[in-house]
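Asker:
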Amino acid sequence: MLISTIRSAALGLGAAGVLFCSGQPARAQVLYVSDGHNDAVEAVEVRSGVYIGPFVHSSDNAEDYKITGPRGVIFAGNKCIVMNQDVGLPIPGEVLAFDANTGMFMASLVPFEDPHAPFAPRGVIAVGNSLYVADAGNFDTMHPGQVLRYSLADGSFQGRADTTGFDKLFAPRGLVLGPDGLLYVSVTGNLATGDRAPGYVVRFQWDTATSNFKFKDVFVASDASNNYAPTLHRPEGLVFGPDGNLYVTTFLQGSDLDGVVAFNSAGQKVGRLNWWMAGQARVFAQAILFGPGGDLFVPLTSDVGVRRYAAASGYQTYSVVPRTGKSVREGWYLSFRETNPATLAYEP
7 MLISTIRSAA LGLGAAGVLF CSGQPARAQV LYVSDGHNDA VEAVEVRSGV
57 YIGPFVHSSD NAEDYKITGP RGVIFAGNKC IVMNQDVGLP IPGEVLAFDA
107 NTGMFMASLV PFEDPHAPFA PRGVIAVGNS LYVADAGNFD TMHPGQVLRY
157 SLADGSFQGR ADTTGFDKLF APRGLVLGPD GLLYVSVTGN LATGDRAPGY
207 VVRFQWDTAT SNFKFKDVFV ASDASNNYAP TLHRPEGLVF GPDGNLYVTT
257 FLQGSDLDGV VAFNSAGQKV GRLNWWMAGQ ARVFAQAILF GPGGDLFVPL
307 TSDVGVRRYA AASGYQTYSV VPRTGKSVRE GWYLSFRETN PATLAYEP
């Protein structure tokens, strides 16, 4: 179990005029969640369950930016990095940077006008001085799925992960740097053709000769291939737990319900947790994250709030945050200030 202590930070005003600091109040534990309904990154103090307010708001036409469909969110240095998918707009997505303390807009690191802008950005991590963005693409040759690399400092394009050797359509959603130094990427089937059953976790290895991540292998797969995991469907969020296992979200398919599947370092399935039971209303979530106390935080994309599954109960019980104030309406990705931007581990 993780024992959490929260570091303090300077005070600041959020983008909506809300007072923010990563140590508010003393030993506060603030979770930041991208909300597709509110087009904002919402802040929730998980110790008290109090809704703080929008840390990054959706803006308006008078602003230098506009959020429409926020997805991946991480904190890297003095920046809060947000993937903006520009949902429903005839333009690609973009990578936005905000002040990590105040939530104020800093820059469009990768604006939608950039020829290397991600078409449909989902997950994001920062490794060293580089951002890695999972671009799900549009399931076609004009906008193929890819893992793009940008400079964290100025957003300049640094290339894309080499998928040579992966013989299926590459449609990435989430990504995380593993404890073994490999890049783990969740990949779906061709959703444009209704291929909703497949799911893969693909691994990439750093190649020093080319200074790039190159395809290594398929870690787990929903078809009868490497490390057969037939209940893994349309995976997105993936994160390593305090126990060293890899946890990956999975979605409703046939008799398989929405939930999370756990795999050990050999790719063997070692556990599963469903978000709902047969006879109940469907509940699904795109991303997950471990946080204070080793608890598992699950923002609901299908409903309001964020579930907090208790490590102390073996993740069999949960509470919902925020308990007071307004709620997260359509949660996607999430991060604490103390979340490592590469490994996504909670490091207070």
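Its first residue numbered 7, the sequence shown is counted upward by one per residue in this note's numbering.
Just so it is clear, CB atoms sit at the ideal spot from N, CA and C, and this is done for glycine as well.
(1) Which stretch, first to last residue, makes up the beta strand (DSSP E) that contains A348?
(2) Are the Cβ atoms of E69 and F61 separated by less than 8 Å?
(3) Which class does L37 belong to by DSSP, given the choice of helix, strand or coil?
(4) Assuming I87 contacts A132 (C-beta within less than 8 Å), just tell me the rounded distance between them.
(5) Cβ of Q259 within 8 Å of Cβ of A203?
(6) For A32, which residues from the same chain have a beta carbon less than 6 Å from its beta carbon, with the 5 sequence-adjacent residues on both sides left out?
(7) Can you confirm whether the stretch 119-126 touches the stretch 143-150 when touching is taken to mean that 3 or more C-beta pairs between the two stretches lie within less than 8 Å?
(8) Please report the straight-line C-alpha distance between D6 and R335, rounded to a whole angstrom.
(9) Within 8 Å, do at least three Cβ pairs link the stretch 228-246 to the stretch 174-184?
(10) Give the single residue among S64, Y206, A318 whose Cα lies nearest to the Cα of F269.
(11) Candidates K72, V79, G75, S54: which alpha carbon is nearest T345's?
(12) Could you give the residue range of the beta strand (DSSP E) that holds R240?
(13) Can you find the residues in the same chain that come closer than 8 Å, C-beta to C-beta, to T74, ignoring five residues on each side of it along the sequence?
(14) Buried or exposed, going by whether 16 or more other CB atoms sit within 10 Å of the CB of A348?
(15) Starting from the Cα of A293, find the closest Cα among M110, S40, A34, S54 and give me that residue.
(16) In terms of alpha-carbon separation, which member of P236, S333, F246, Y253 lies closest to L262?
(17) Fully enclosed by the stretch 162-202, which beta strand (DSSP E) runs are 3 residues long or longer?
(18) Return helix, strand or coil for P298, following the three-state DSSP convention.
(19) Check S319 in the structure and name its three-state DSSP category.
(20) Is it buried or exposed, N107, if we count other Cβ atoms within 10 angstroms and call 16 or more buried?
(21) From the DSSP output, read off the bridge partner residues of E100.
(22) Under a Cβ-count criterion, where at least 16 other Cβ atoms within 10 Å of its own Cβ denotes burial, should A215 be classed as buried or exposed?
(23) Quick one: using the 10 Å Cβ neighbour count with 16 as the cut-off for buried, is P98 buried or exposed?
(24) Return helix, strand or coil for W212, following the three-state DSSP convention.
(25) In the DSSP assignment, find the unbroken beta strand (DSSP E) run with I73 in it and report its ends.
(26) Mapping the DSSP letters down to three states, classify Q30 as helix, strand or coil.
(27) Under three-state DSSP, which class holds A268?
(28) Name the two residues that bound the continuous beta strand (DSSP E) containing E51.
(29) Just how far apart, CA to CA, sit N233 and G247?
Answerer: In brief:
(1) The count along the sequence shown starts at 1 and reaches residue 348 at position 342. Unbroken run through A348: none, as it is neither H nor E.
(2) Residue 69 sits at position 63 when you count from the first residue of the sequence shown. Residue 61 sits at position 55 when you count from the first residue of the sequence shown. Contact: no.
(3) For the purposes of this step, residue 37 is identified with residue 31 of the sequence shown, where counting begins at 1. L37 falls in the strand class under three-state DSSP.
(4) Here residue 87 refers to the residue found at position 81 of the sequence shown. Here residue 132 refers to the residue found at position 126 of the sequence shown. Indeed they touch by this definition, with Cβ atoms about 7 Å apart.
(5) Sequence index remark: in the sequence shown, residue 259 carries index 253 (1-based). Sequence index remark: in the sequence shown, residue 203 carries index 197 (1-based). Taking 8 Å as the Cβ cut-off, Q259 and A203 qualify as a contacting pair.
(6) Here the question's residue 32 lines up with position 26 in the sequence shown. Caution applies to A32, whose pLDDT of 45 falls short of 50 and renders its modelled position unreliable; the value that the coordinates give is listed next. Within the same chain, A32 has no close Cβ partners at all.
(7) yes
(8) For residue 6 there is no data in the structure shown, the boundaries of the chain being 7 and 354.
(9) yes
(10) The count along the sequence shown starts at 1 and reaches residue 269 at position 263. Taking only the C-alpha atoms, the option nearest F269 is Y206.
(11) Taking the first residue of the sequence shown as position 1, residue 345 is located at position 339. Cα-wise, what sits closest to T345 is V79.
(12) The residue labelled residue 240 in the question sits at position 234 within the sequence shown. Unbroken run through R240: none, as it is neither H nor E.
(13) Your numbering for residue 74 matches position 68 in the sequence shown. Cβ neighbours of T74 beyond the five flanking positions: D45, S64, N90, Q91, D92, V93, G94, L95.
(14) As a working note, residue 348 is residue 342 in the sequence shown. With 16 or more other Cβ atoms within 10 Å, it is buried.
(15) Taking the sequence shown and counting its residues from 1, one reaches residue 293 at position 287. Of M110, S40, A34, S54, the residue nearest in Cα terms is S40.
(16) In the sequence shown, counting from the first residue as 1, residue 262 sits at position 256. Here the sequence assigns Asp to residue 262, which means Leu is not the residue at that position. Taking only the C-alpha atoms, the option nearest D262 is P236.
(17) 163-166, 178-183, 189-194
(18) For the purposes of this step, residue 298 is taken as residue 292 along the sequence shown, with counting starting at 1. Helix at P298.
(19) Mapped onto the sequence shown, residue 319 falls at position 313. Note: S319 maps to helix in three-state DSSP.
(20) Here residue 107 corresponds to residue number 101 of the sequence shown, with the count starting at 1. So N107 ends up on the buried side.
(21) Sequence index remark: in the sequence shown, residue 100 carries index 94 (1-based). The partner list for E100 (beta bridge, DSSP) reads N90.
(22) Position 209 of the sequence shown, counted from the start, is the residue given in the question as residue 215. Exposed is the call here.
(23) The sequence position of residue 98 within the sequence shown is 92, counting from 1. Looking at its Cβ environment, which holds 16 or more other Cβ atoms inside 10 Å, P98 is buried.
(24) Here residue 212 corresponds to residue number 206 of the sequence shown, with the count starting at 1. Three-state DSSP puts W212 in a strand.
(25) In the sequence shown, residue 73 corresponds to position 67, counting from 1. Premise fails: I73 is in no beta strand (DSSP E) and is neither H nor E.
(26) Here residue 30 refers to the residue found at position 24 of the sequence shown. Caution applies to Q30, whose pLDDT of 45 falls short of 50 and renders its modelled position unreliable; the value that the coordinates give is listed next. In the structure shown, Q30 sits in coil (DSSP, three-state: anything other than H, G, I, E or B).
(27) Against the sequence shown, residue 268 aligns to sequence position 262. A268 falls in the strand class under three-state DSSP.
(28) Here the question's residue 51 lines up with position 45 in the sequence shown. Its beta strand (DSSP E) spans residues 46-51.
(29) Sequence index remark: in the sequence shown, residue 233 carries index 227 (1-based). Sequence index remark: in the sequence shown, residue 247 carries index 241 (1-based). Going by the C-alpha atoms only, they are around 20 Å apart.
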